[in-house]
Amino acid sequence: MPDAAPCAATAREAPTLLDIEASGFGRGSYPIEVGFVLAGGESDCMLIRPAPQWTHWDPAAERLHRISRATLRSHGRTPADVVAALNATLYGCTAYTDGWAQDYTWLAVLYDAVNRVPSFRIESLRALLSDDEALRWHRTKQEVADELALERHRASADARLLQATFRRVRAQSKAGEKAAASRDAARAPTVAQQRGGPAAPATPVSPSPLPAPSPSASARAGP
-2 MPDAAPCAAT AREAPTLLDI EASGFGRGSY PIEVGFVLAG GESDCMLIRP APQWTHWDPA
58 AERLHRISRA TLRSHGRTPA DVVAALNATL YGCTAYTDGW AQDYTWLAVL YDAVNRVPSF
118 RIESLRALLS DDEALRWHRT KQEVADELAL ERHRASADAR LLQATFRRVR AQSKAGEKAA
178 ASRDAARAPT VAQQRGGPAA PATPVSPSPL PAPSPSASAR AGP
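In the working numbering, the protein residues as written are -2 to 220.
See below:
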């Protein structure tokens, strides 16, 4: 049985990200490259040699991913090889994507071509994001893209960009939560007083020792 250790890290901290480049969009389109980055940072990218029945091609899509049909024929791996590699590496994983509807469809096309089923799940990355993180996602993604200067519209580079963006927005969220907790802790005594809560007990003062009785007082005292 394949080792599921590459997916041992929790998705909350570092999800496995997957990205697919395709021949175009819509009916008849098919995957031409698949890339992923694991929770631990390991990544892979595979060009896919089109199956005989895959004939769709969109020149506009080629201008984006810059992968030609000739490149796929000479350097692509067969669908069977790509499926075997994905199933071995991602066994038991949940891989996340920012284009779930499209990537799910293209992955189904790939697996149907060789009559296999994935050994892993594919889910939408949005499921891992809070509403606030989703609002910050696109701005943060652009910031990370500018910093990393990765080659865009190549599958493994896009997957790495997604994971780096996820780490950034999650770190921002944690920093915000920590700052809010510090503010709440600083305000806590004031709030308690405003609500009429009991004041903090005063520091007890030790009583002064009683003076020793004078000899005359002792002499007057009876036995």
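Beta carbons: idealized from backbone N, C-alpha and C, even for Gly.
Helix or strand or just coil, what does DSSP make of ASP100?
As a working note, residue 100 is residue 103 in the sequence shown. Looking at ASP100 - three-state DSSP - the assignment turns out to be helix.
Is the CB-CB distance between ASP163 and PRO49 below 8 Å?
For this step, residue 163 is matched to residue 166 along the sequence shown. For this step, residue 49 is matched to residue 52 along the sequence shown. Just to set this straight, residue 163 is Phe in the shown sequence, not Asp. No, Cβ-Cβ distance for PHE163 and PRO49 is not below 8 Å.
Classify GLY73 as buried or exposed, calling it buried when 16 or more other Cβ atoms lie within 10 Å of its own Cβ.
What you label residue 73 is simply residue 76 of the sequence shown in a count that begins at 1. Classification of GLY73: buried, given that the 10 Å Cβ count is 16 or more.
Per-residue DSSP class, three states only, for ALA36
Mapped onto the sequence shown, residue 36 falls at position 39. In this structure, ALA36 counts as coil in the three-state DSSP scheme.
Please state the DSSP three-state secondary structure of ALA63.
Taking the sequence shown and counting its residues from 1, one reaches residue 63 at position 66. It is worth fixing the name first, because residue 63 is Arg in this sequence and not Ala. Correct three-state label for ARG63: coil.
Which value, in whole angstroms, describes the spacing of the CA atoms of ARG24 and PRO47?
The residue given as residue 24 occupies position 27 in the sequence shown. The residue given as residue 47 occupies position 50 in the sequence shown. Between ARG24 and PRO47, the C-alpha separation is close to 16 Å.
Less than 6 Å between C-beta atoms, sequence neighbours within five positions excluded: which residues of the same chain meet that for TRP54?
The residue labelled residue 54 in the question sits at position 57 within the sequence shown. These residues qualify, in order along the chain: SER20.
Short Cβ contact (8 Å threshold) for VAL31 with ILE45:
Counting from one through the sequence shown, the residue named residue 31 turns up at place 34. Counting from one through the sequence shown, the residue named residue 45 turns up at place 48. In contact: VAL31 and ILE45 (Cβ atoms closer than 8 Å).
Along the chain, where does the alpha helix (DSSP H) that runs through ALA19 open and close?
Here the question's residue 19 lines up with position 22 in the sequence shown. Premise fails: ALA19 lies in the beta strand (DSSP E), 13 to 19, not in any alpha helix (DSSP H).
Just confirm the distance between the C-beta atoms of LEU159 and ASP95, as a whole number of angstroms; I'd bet it's less than 8 Å.
For the purposes of this step, residue 159 is identified with residue 162 of the sequence shown, where counting begins at 1. For the purposes of this step, residue 95 is identified with residue 98 of the sequence shown, where counting begins at 1. Rounded, the Cβ-Cβ distance is 6 Å, consistent with contact.
Determine the contact status of ASP129 and SER179, defining contact as a CB-CB distance below 8 Å.
Position 132 of the sequence shown, counted from the first residue, corresponds to residue 129. Position 182 of the sequence shown, counted from the first residue, corresponds to residue 179. Cβ distance not < 8 Å, so ASP129 and SER179 don't count as in contact.
Starting from GLU10, trace the beta strand (DSSP E) in both directions and tell me its first and last residue.
Here residue 10 is taken as the residue at index 13 of the sequence shown, counted from 1. Here GLU10 belongs to no beta strand (DSSP E), and DSSP marks it neither H nor E.
In terms of alpha-carbon separation, which member of THR137, ASP16, LEU125 and ARG133 lies closest to GLU10?
By one-based count along the sequence shown, residue 10 stands at place 13. Taking only the C-alpha atoms, the option nearest GLU10 is LEU125.
Taking the alpha-carbon positions, what's the LEU104 to PRO28 distance?
Position 107 of the sequence shown, counted from the start, is the residue given in the question as residue 104. Position 31 of the sequence shown, counted from the start, is the residue given in the question as residue 28. Each residue's Cα considered, the two are about 7 Å apart.
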